[in-house]
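Taking it in order: structure first as structure tokens, then the write-up.
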Amino acid sequence: MDDILVARDGHVLRITLNRPEARNALRTRTLAEIAATLEDAADDDAVRVVVLTGGAVFAAGADVREMAALDTVGVMNDRRPAHWKTIARFPKPIVAAVNGYALGGGCELAMHADLIVAGETALFGQPEINLGIIPGAGGTQRLVRAVGKALAAKMVLTGQPLSARDALAAGLVSEVTQPELTLERAEALAQAIAAKPPLAVRMAKEALLAAQETTLSGGLDFERKAFTVLAATEDRREGVTAFLEKRKPEFRGA
Amino acid sequence: MTDTTTILFAVENGVARLTLNRPDTLNAFTRAMHEEVRAALKTVARDDAIRCLLLTGAGRGFCAGQDLNDRVRTEGGPAPDLGESLDSLYNPLIRSLRRLEKPVVVAVNGVAAGSGANVALAGDIVLAARSASFIQSFARLGLVPDAGGSWVLPRLVGHARATALAMLAERVTAEEAERLGMIWRCVDDDALATEAESLAHRLAAMPTRGLGLIKRALNASLSNTLDAQLDLERDLQRLAGRTEDYREGVAAFVEKRQPAFKGM
Numbered sequence: 119m120d121d122i123l124v125a126r127d128g129h130v131l132r133i134t135l136n137r138p139e140a141r142n143a144l145r146t147r148t149l150a151e152i153a154a155t156l157e158d159a160a161d162d163d164a165v166r167v168v169v170l171t172g173g174a175v176f177a178a179g180a181d182v183r184e185m186a187a188l189d190t191v192g193v194m195n196d197r198r199p200a201h202w203k204t205i206a207r208f209p210k211p212i213v214a215a216v217n218g219y220a221l222g223g224g225c226e227l228a229m230h231a232d233l234i235v236a237g238e239t240a241l242f243g244q245p246e247i248n249l250g251i252i253p254g255a256g257g258t259q260r261l262v263r264a265v266g267k268a269l270a271a272k273m274v275l276t277g278q279p280l281s282a283r284d285a286l287a288a289g290l291v292s293e294v295t296q297p298e299l300t301l302e303r304a305e306a307l308a309q310a311i312a313a314k315p316p317l318a319v320r321m322a323k324e325a326l327l328a329a330q331e332t333t334l335s336g337g338l339d340f341e342r343k344a345f346t347v348l349a350a351t352e353d354r355r356e357g358v359t360a361f362l363e364k365r366k367p368e369f370r371g372a
Numbered sequence: 089m090t091d092t093t094t095i096l097f098a099v100e101n102g103v104a105r106l107t108l109n110r111p112d113t114l115n116a117f118t119r120a121m122h123e124e125v126r127a128a129l130k131t132v133a134r135d136d137a138i139r140c141l142l143l144t145g146a147g148r149g150f151c152a153g154q155d156l157n158d159r160v161r162t163e164g165g166p167a168p169d170l171g172e173s174l175d176s177l178y179n180p181l182i183r184s185l186r187r188l189e190k191p192v193v194v195a196v197n198g199v200a201a202g203s204g205a206n207v208a209l210a211g212d213i214v215l216a217a218r219s220a221s222f223i224q225s226f227a228r229l230g231l232v233p234d235a236g237g238s239w240v241l242p243r244l245v246g247h248a249r250a251t252a253l254a255m256l257a258e259r260v261t262a263e264e265a266e267r268l269g270m271i272w273r274c275v276d277d278d279a280l281a282t283e284a285e286s287l288a289h290r291l292a293a294m295p296t297r298g299l300g301l302i303k304r305a306l307n308a309s310l311s312n313t314l315d316a317q318l319d320l321e322r323d324l325q326r327l328a329g330r331t332e333d334y335r336e337g338v339a340a341f342v343e344k345r346q347p348a349f350k351g352m
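For the record, the sequence lines run as chains A and B.
Numbered per the working numbering, the first sequence spans residues 119 to 372.
Numbered per the working numbering, the second sequence spans residues 89 to 352.
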């Protein structure tokens, strides 16, 4: 892997964007490596949660130099949409730890995460308009769903960034913390989720994502079916029994 | 630093001394002075060897605020955009001073008027010469206290006093400022320089990262609930406990010796 570092701690896999000289600008190779890592992790039962981080800067956008080299045919043959799809389809939870800039593709990558922990000085933005383009990986669609039209329009049409505190108030991020503690807070959350019954966790993620796609009644149907499927799991039996017996449950992932 | 004209800047033994240097105008702010101050503050923030900033003024005044010669309207000319001036010059300055994770000592050597007063109050520990004074002079021009003055003043001296001081543009002597809790200490005119230096060097020898975290805590406390502040203390103390200076402080205490803090 050239552009990312991958490390595992128990059931949590950490992906660290590693192009500090480019402020982690996301080029095609970066996305390809993230997608490939997630594809492997999807099939690896030992991995239950992924933490995604970038160091002092999360990701300051797409690699503009690489983009400049693409014409319309180049854009048509672009591999990046396929990589984004792979990232979006990852069935296990992703916790993003965001310090510094999450701009353009960086913000879009963060929005693929299920939880975002932001350091106090983090900044989220979709400045693509300044380059004569628009966000291409969910920066309009996911952003509107996350923060609402008025704020999304201001961000996308002016390119102005959103502070971590404002992002928290708007519902874009899950928590704000001291920048020195962002990663460890994200990892603590990831470990806590990794300790939960993994089948229930996967179903929960699917249900949460379904809520963005379907009608309320359709979503409620999905939720009910997912709920029913989980009733058949051993972990559900163990969870309920442990609760009634007033003891800690021992989940086995089945 | 490259040649500066409107400020003097020197670093010695961990203390960066920044002197506003337009004594003919009582160190009134111009765009040029703002830019030189900004560059100096960047240096202070980035250089780990600098562990305390000492801010003072040259000549008989500390800072008279905005240089009004830059504000004279020509006949039929447009009104100046004072908001732009705050957005691009004063507000970034106040934010830099409050966010600088190192102690800022201000030696108010003379009159501190208008934004000059509030730049002084944006420091961490403010000393003033007995003959110095503070004036929220804005009301005399139909303006509002800026450079953070409308925020910090009521928190320092209470709403009632802040309102009277701002609306009446009353001059506050250094002694009165100390009595009101607006500043830390009023000292004799001829003692200011040595006391400020001594204080700055004392701070420069302390655990710098710890002082920066104290600043973070106190900044937030002015608008936090107790619950939020307790959570913040937890996070900041966690960080403070990881510093080398904490280890040194504990070791020195246990070994019954003086600690040698490195600022890390």
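Glycine included, each C-beta is placed from N, C-alpha and C at the ideal position.
Please read these numbers as outputs of a predicted model, since none were measured by experiment.
query                                                                                                                                                                              : result
Taking the straight line between their C-alpha atoms, what separation do you get for B/S309 and B/E321?                                                                            : 10 Å
Which parts of the stretch 188-230 of chain A are runs of the beta strand (DSSP E), unbroken and 3 residues or longer, counting only runs that do not cross its ends?              : 212-216 and 219-221
Could you tell me which of A/A154, A/A159, A/V169 and A/A125 sits nearest to A/A310, measuring between CA atoms?                                                                   : A/V169
Cβ atoms of B/A262 and B/Q224: under 8 Å apart, would you say?                                                                                                                     : no
Under a three-way DSSP split, which group does B/V275 fall into?                                                                                                                   : strand
Does any residue of chain A bring its CB to less than 8 Å from the CB of B/D169?                                                                                                   : no
Looking only at C-alpha atoms, which of A/K203, A/T332, A/G173 and A/Q244 sits nearest to A/P138?                                                                                  : A/G173
Taking Cβ positions only, does A/E139 come closer than 8 Å to chain B?                                                                                                             : no
Could you tell me whether any Cβ in chain A is nearer than 8 Å to the Cβ of B/L327?                                                                                                : yes
So, using beta-carbon positions, are A/T282 and A/A236 closer together than 8 Å?                                                                                                   : Residue identity differs from the one stated: residue 282 of chain A is Ala in this sequence, not Thr. Yes, they are a contact pair.
Does the CB of B/L324 have a neighbour CB from chain A at under 8 Å?                                                                                                               : yes
Would you mind telling me which residues of chain B sit closer than 9 Å to A/T295, beta carbon to beta carbon, in chain order?                                                     : D323
In whole angstroms, what is the alpha-carbon distance linking A/E203 and A/R370?                                                                                                   : First, the residue type needs correcting, since residue 203 of chain A is Lys and not Glu in the sequence shown. Those two C-alpha atoms are separated by around 30 Å.
Please state whether DSSP places A/S335 in a helix, a strand or coil.                                                                                                              : helix
Excluding sequence positions up to five away, which residues of its chain have a Cβ less than 8 Å from the Cβ of A/K323?                                                           : P209, K210, P211 and D232
I want to verify the contact list: residues of chain B whose CB lies under 8 Å from the CB of A/L299, in sequence order.                                                           : D323, R326 and L327
With distances taken Cα to Cα, identify the nearest neighbour of B/G300 among B/A220, B/H247, B/V196 and B/A133.                                                                   : B/A133
Count the other CB atoms within 10 Å of the CB of A/H129; is the residue buried (16 or more) or exposed (fewer)?                                                                   : buried
Please specify which runs of the alpha helix (DSSP H), each continuous and at least 4 residues long, are wholly inside the stretch 142-217 of chain B, giving them in chain order. : 170-173, 179-187 and 203-209
Using C-beta distances below 6 Å, list every residue in its chain close to A/Y219, excluding the 5 sequence neighbours before and after it, in chain order.                        : V175, A178 and L241
Starting from the Cα of A/E305, find the closest Cα among A/D120, A/I122, A/R132 and A/V124 and give me that residue.                                                              : A/R132
I need the straight-line Cα distance from A/I150 to A/A160, nearest angstrom please.                                                                                               : Here residue 150 of chain A turns out to be Ala, not Ile, going by the sequence shown. Their backbone Cα atoms lie some 15 Å apart in a straight line.
Report yes if the CB atom of A/A140 is closer than 8 Å to the CB atom of A/D181, and no otherwise.                                                                                 : yes
Suppose the cutoff is 6 Å on Cβ atoms and the five residues either side in sequence are ignored; what does the same chain contact list for A/L286 look like?                       : V294
May I ask you to report which of helix, strand or coil DSSP gives B/R297?                                                                                                          : helix
Between which residues of its own chain and B/P233 is the CB-CB distance below 6 Å, once the five residues before and five after are set aside?                                    : Q224, F226 and A254
Taking 7 Å as the limit between beta carbons, can you name the residues of its chain near A/E104, skipping five residues before and five after?                                    : Nothing can be reported for residue 104 of chain A: it is not among the residues displayed for chain A, which extend from 119 to 372.
Could you tell me how far apart the beta carbons of B/Y178 and B/A235 are, in whole angstroms, since I believe they sit closer than 8 Å?                                           : 5 Å
Could I get the ranges of all uninterrupted beta strand (DSSP E) runs contained in the stretch 229-259 of chain A, with 3 residues as the minimum, in chain order?                 : 233-237 and 241-243
Entirely within the stretch 292-322 of chain A and at least 4 residues each: give me those alpha helix (DSSP H) ranges in chain order.                                             : 300-312
Measure the Cβ-Cβ separation of A/V191 and A/A312 and say whether it is below 8 Å.                                                                                                 : no
May I ask you to verify whether the stretch 128-146 of chain B touches the stretch 194-212 of chain B, counting CB pairs closer than 8 Å and requiring at least 3?                 : yes
Is it buried or exposed, B/N157, if we count other Cβ atoms within 10 angstroms and call 16 or more buried?                                                                        : exposed
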